[in-house]
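Visitor:
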Amino acid sequence: MQSRLCHAQAETPSQASDARDLIIRVLSVRKVAQWCDVTESAVHQWIRRGSAAAPVPVKVVPTIARGAVDDGKDFDLGILWPDMRGTTAARFAGGRP
Numbered sequence: 212m213q214s215r216l217c218h219a220q221a222e223t224p225s226q227a228s229d230a231r232d233l234i235i236r237v238l239s240v241r242k243v244a245q246w247c248d249v250t251e252s253a254v255h256q257w258i259r260r261g262s263a264a265a266p267v268p269v270k271v272v273p274t275i276a277r278g279a280v281d282d283g284k285d286f287d288l289g290i291l292w293p294d295m296r297g298t299t300a301a302r303f304a305g306g307r308p
């Protein structure tokens, strides 16, 4: 039972270690692709080719934030774009829970 609790805690967006972890484990590549109107392959390319300063294209950060908030998830946007550290997806997307 204790391992289930640890597993559940590890899946919260705030616990994501980086953009790759957030997109693959927490948000899902399929959902991010749908929100951004791109293929899943494109999302995999972003997280494979992105740098520490720009893990995903900046133009998709607002779309991912809105999609995540609409899906009931919130996270620090600094995971996807380090210059936005400290701003949550919910706050950026207009305060929706």
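Numbering (this note's numbering), first residue to last: 212 to 308. All residues carry an ideal CB built from backbone N, CA and C; glycine is no exception.
Given this structure, state the Cα-to-Cα distance separating residue 309 from residue 229, to the nearest angstrom.
Guide: Residue 309 falls outside the range modelled here, since the chain spans only 212 to 308, and no answer is possible.
Visitor: Under the three-state reduction of DSSP, which class applies to residue 274: helix, strand or coil?
Guide: Note: residue 274 maps to helix in three-state DSSP.
Visitor: Pull up the CB-CB distance for residue 289 and residue 278, whole angstroms please, since I reckon it's below 8 angstroms.
Guide: Not quite, the Cβ-Cβ distance comes to about 18 angstroms (not below 8 angstroms), so this is no contact.
Visitor: Look at the alpha carbon of residue 233 and the alpha carbon of residue 227, and state the distance between them as a whole number of angstroms.
Guide: When rounded, the distance between both Cα atoms is 5 angstroms.
Visitor: Only counting the same chain, and skipping five residues up and downstream in sequence, which positions put a Cβ closer than 6 angstroms to that of residue 231?
Guide: Same-chain partners within the cutoff: 258.
Visitor: Which residue or residues does DSSP assign as beta-bridge partners of residue 299?
Guide: According to DSSP, residue 299 bridges with 287.
Visitor: Tell me whether residue 250 is buried or exposed, calling it buried when 16 or more other Cβ atoms sit within 10 Å of its Cβ.
Guide: Classification of residue 250: exposed, given that the 10 Å Cβ count is below 16.
Visitor: Assign residue 304 to one of two classes, buried (16 or more other C-beta atoms within 10 Å of its C-beta) or exposed (fewer than that).
Guide: Result: buried.
Visitor: Between the C-alpha atoms of residue 268 and residue 283, what's the straight-line distance to the nearest angstrom?
Guide: Cα-Cα distance, rounded: 23 angstroms.
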